[in-house]
Each structure stands twice: as C-alpha cells, then as structure tokens.
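Step one of this worksheet: look at the structure below.
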Amino acid sequence: MKLTILGTGNAAVTEVYNTCFAFSDGDRHFLVDAGGGNQILKRLKDAGIPLKDIHDIFITHEHIDHLLGLIWLVRMIGQNMNKGKYEGDLRIYCHSDLIPVIKTITDLTIQKKVTKHIGERIQLIPVEHGETKEIIGCPVTFFDIWSTKAKQYGFTIMLPGNVKFTCAGDEPYNERDYEFVKGSDWLMHEAFCLYGEADEFGPYEKHHSTVKEACQTAEELQIPNLILYHTEDKNIARRKELYTNEGREFYHGSLYVPDDMETFEI
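Quick note on numbering: the numbering used here labels position 127 of the sequence shown as 150, and the sequence is numbered without any gaps.
Laid out in structure tokens, this is it:
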C-alpha cells in the first residue's frame with residue numbers, strides 16, 4: 024500500500040498545502056480530507072492519482088482547511104460524470120452532522136447540473152463512532168476524537184499484511200479512543216509546532232499539541248512508526264530536521280516528518 028502525503032500544514036499555512044493524504048493500491052485510492060482549495064487538483068495530478076480513479080473520500084470534520092477542497096472534487100468529478108468520463112460512484116464518508124454542511128456549500132457554489140448527482144452517484148455516507156466500512160479492500164473503523172471545537176472523526180485502517188494504521192485527527196489523542204488506537208503499527212498525529220516555540224504559536228489555546236507531546240503519546244502507546252503532520256510553516260526548509268531532533272528526545276520509534284508530496288510504502 025502506498026501512502027501519499029498531499030499536504031502537511033495547518034489552516035494558516037502559505038508555504039505548504041493543508042493536511043490531506045491518500046492511500047493507493049494500484050488504481051484504487053482512498054483520499055482523506057482535501058485541504059482548503061483547488062490546489063487539491065494539482066496535488067492529485069502530481070501524485071499520479073486521476074480523478075476518475077477516486078471513488079472513496081473521508082472528510083474528518085468541517086473546518087475549511089479540510090473541507091473546501093472537497094467542493095472542487097465534487098465539481099470536477101460531477102462534470103466528468105456528465106461528460107461520460109467517470110465510471111461508477113463517488114462515496115464521501117463523514118460523520119452525520121457534516122452531511123448537511125456539504126450539501127449546503129455545494130448547493131450554494133456548484134451548478135445544479137452537477138449537484139443533481141448528490142444522493143445518487145455522489146453518495147454522502149454517514150459513519151458512526153466505532154463503525155467499520157470496507158474501503159479499497161481494507162476494513163476502516165471510524166471513531167469520534169471527542170473534539171472540543173467541532174465534531175471530528177479519526178479512523179484506523181487495517182492494511183495488507185495485518186498492518187494497523189491510525190489517524191488520530193488534528194487534535195491530541197484522547198484516551199477515550201484507546202481501544203481503537205492500541206496495537207497500531209503506524210500513527211499519524213498532529214504536531215502544531217515545536218515545544219520550544221509554543222509561546223509563539225499558542226498550540227494549547229487551539230487544543231493542539233507540540234512535537235514533544237505527540238512523541239510522548241506515541242512512546243506511551245508503544246507505536247513503532249509515528250508520522251507528524253498538521254504543522255506550522257515558519258521554517259519549511261528546516262522543519263524536518265528541527266521536528267525530528269526535538270521528537271527524538273521523547274520517542275524512540277521510527278519518526279517521520281514528511282514534506283508535501285512525500286510517499287511511504289506501508
């Protein structure tokens with residue numbers, strides 16, 4: 024399974040794209056979030072992921088840096104449906120409260136000749152806490168991260184080879200989700216900034232964590248592989264170096280601080 028990190032930044036970044044990523048198995052793709060704008064189209068193109076091959080998308084929550092790129096995907100895929108250039112259906116998974124938000128935004132911003140597909144070939148599929156769906160041949164279990172800001176879901180996906188991969192959302196891991204996260208081989212965890220720069224970026228008031236806390240969490244959970252994402256972009260040229268150096272003080276597994284468009288074979 025190939026993992027492509029399409030974007031790594033938080034909502035306010037300008038030097039990188041907002042956080043989103045895709046699992047790919049041949050010509051099957053599972054897109055998680057879509058960033059905040061139409062740059063998602065360029066990211067997917069550069070990653071070699073054609074729109075015609077995207078049939079499964081999960082949107083974690085309603086914040087603009089995760090949701091608005093989806094509107095462009097609905098528009099372009101819906102137009103391709105009209106032109107006979109897209110086979111099958113598009114399935115968009117999200118928690119139930121997010122469905123009316125997506126419907127409202129698409130109705131306000133996209134022509135009816137495209138939005139007519141919503142509810143038919145463009146399916147908005149609600150998922151519940153603890154519910155499992157099969158996506159690109161893998162069981163995906165969704166869970167509430169118990170956000171303090173906006174309802175948000177994370178997920179675990181069981182990849183080929185019995186590899187458990189968990190995305191904990193863009194807020195700190197919540198112990199209430201231990202039963203979902205335990206035993207993970209890989210964990211994606213947000214790291215808003217370096218612990219040494221917490222006074223500058225104010226992660227705690229936004230209910231985010233620093234590299235230090237993210238790495239301490241992975242160490243306590245005995246996660247072998249940790250990916251840090253959803254970061255600031257003050258010093259992109261040295262982000263990988265700086266985050267890795269701080270993280271190694273608190274975490275002894277394999278630590279990854281990906282750049283936009285970096286890929287992993289999992």
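Here a beta-carbon is modelled for each residue, glycine too, at the ideal position from N, C-alpha and C.
Continuous alpha helix (DSSP H) assignments of at least 4 residues falling wholly in the stretch 182-240: Whole alpha helix (DSSP H) segments, 4+ residues: 201-204 and 221-224.
Assigned exposure category for Gln-175 - 16 Cβ within 10 Å defines buried: On the sequence shown, residue 175 is found 152 positions in, with the first residue counted as 1. It counts as buried.
Cβ neighbour criterion (16 or more within 10 Å) applied to Tyr-201: Looking up residue 201 in the sequence shown gives position 178. Exposed: under 16 other Cβ atoms inside 10 Å.
Every unbroken beta strand (DSSP E) within the stretch 251-282, with a cutoff of 3 residues, ordered by chain: 277-279
Close beta carbons around Arg-51, own chain, < 6 Å, minus the five adjacent residues each side: Mapped onto the sequence shown, residue 51 falls at position 28. Cβ within range, chain order: Ile-159.
Integer-rounded CB distance, given that Lys-75 should sit under 8 Å from Tyr-109: Within the sequence shown, numbered from 1, the residue matching residue 109 stands at position 86. Within the sequence shown, numbered from 1, the residue matching residue 75 stands at position 52. About 5 Å separates the two Cβ atoms, so the contact holds.
Cα-Cα separation, Ile-147 to Gly-225: By 1-based counting over the sequence shown, the position of residue 147 is 124. By 1-based counting over the sequence shown, the position of residue 225 is 202. For the sequence presented, residue 147 should be read as Leu rather than Ile. Going from the Cα of Leu-147 to the Cα of Gly-225 covers about 35 Å.
Three-pair Cβ contact test at 8 Å for the stretch 184-193 versus the stretch 99-114: With a cut-off of 8 Å on Cβ pairs, the stretch 184-193 is not in contact with the stretch 99-114, counting fewer than three such pairs.
Buried or exposed (CB count within 10 angstroms, at least 16 for buried), Gly-32: For this step, residue 32 is matched to residue 9 along the sequence shown. Burial call: buried.
Buried versus exposed call for His-275 [16 or more other C-beta atoms within 10 Å across all chains shown]: As a working note, residue 275 is residue 252 in the sequence shown. Exposed: under 16 other Cβ atoms inside 10 Å.
Where Pro-73 falls: helix, strand or coil (DSSP): Within the sequence shown, the letter at position 50 stands for residue 73. Coil at Pro-73, not helix or strand.
Ser-119 - DSSP class collapsed to helix/strand/coil: On the sequence shown, residue 119 is found 96 positions in, with the first residue counted as 1. Here Ser-119 carries a helix assignment [DSSP, helix/strand/coil].
Alpha-carbon to alpha-carbon, Ile-259 and Ser-119: For the purposes of this step, residue 119 is taken as residue 96 along the sequence shown, with counting starting at 1. For the purposes of this step, residue 259 is taken as residue 236 along the sequence shown, with counting starting at 1. Their Cα atoms are separated by approximately 36 Å.
Run of the alpha helix (DSSP H) containing Arg-98, from where it starts to where it stops: Taking the first residue of the sequence shown as position 1, residue 98 is located at position 75. Segment 87-105, the alpha helix (DSSP H) holding Arg-98.
Residues near Cys-190 in its chain [Cβ-Cβ closer than 7 Å; skip 5 each side]: Here the question's residue 190 lines up with position 167 in the sequence shown. Excluding residues within five positions, the ones whose Cβ falls inside 7 Å are Val-55, Gly-177, Phe-178 and Met-211.
Extent of the continuous beta strand (DSSP E) run through Thr-164: One-based indexing of the sequence shown puts residue 164 at position 141. Its beta strand (DSSP E) spans residues 161-167.
Val-55: first and last residue of the uninterrupted beta strand (DSSP E) it sits in: Counting from 1 along the sequence shown, the entry for residue 55 is found at position 32. Segment 51-55, the beta strand (DSSP E) holding Val-55.
Bridge-paired residues (DSSP) for Asp-79: For the purposes of this step, residue 79 is taken as the residue at position 56 of the sequence shown. Answer is Phe-53 and Arg-114, bridged to Asp-79.
Beta-carbon gap between Ala-214 and Tyr-266 smaller than 8 Å: Here residue 214 refers to the residue found at position 191 of the sequence shown. Here residue 266 refers to the residue found at position 243 of the sequence shown. In this structure, Tyr-266 lies closer than 8 Å to Ala-214 by Cβ.
Residue from Phe-203, Arg-98, Thr-164 and Thr-254 whose Cα sits closest to the Cα of Leu-217: In the sequence shown, the residue the question calls residue 217 occupies position 194. Residue Thr-254 is the option with its Cα nearest to Leu-217.
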